[in-house]
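These notes concern the structure reproduced below.
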């Protein structure tokens, strides 16, 4: 699930606007979770995170092979946003947050503190 130098879910929960934090495997299995999340929803989020990382990896690998351009891998993370909500993930962890309160830079810094 999470890398050895990744923040704890409790640290991620302390970010402004965050209402849920999960760990997910590369196969989409839900690990630990924190916050205002129902387990069934958290399981779907874990599957979505793993699927999007896999799709990105497939596209980046194909593009690099087809064009010869490099620098797209390894993938670092992702962020999805809607009008009101944000999902950001990195290293087998993801957070869900209210967009109006979320600080992308602070979250990115926390996800990358020990990498």
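Residue numbers (the working numbering): 42 to 156. Ideal placement from N, C-alpha and C gives every residue a C-beta, glycine not left out.
Secondary structure note for residue 98: its alpha helix (DSSP H) is the uninterrupted segment 80-108. Taken through DSSP and simplified to helix, strand or coil, residue 152 comes out as helix. Cβ atoms of residue 131 and residue 118 come within 8 Å of each other, at about 3 Å.
Separation of residue 68 and residue 93 (C-alpha to C-alpha, rounded to the nearest whole angstrom) is 11 Å. Looking at the DSSP output, residue 121 shares a beta bridge with 128. Cβ-Cβ distances below 8 Å link residue 56 to 136, 138, 143, 144, 147, 148 and 151 in the same chain, with the five nearest sequence neighbours on each side left out; the list follows chain order. In the three-state reduction of the DSSP assignment, residue 50 falls in the helix class. Residue 134 is bridged by DSSP to 64 and 131. Secondary structure note for residue 71: its beta strand (DSSP E) is the uninterrupted segment 71-76.
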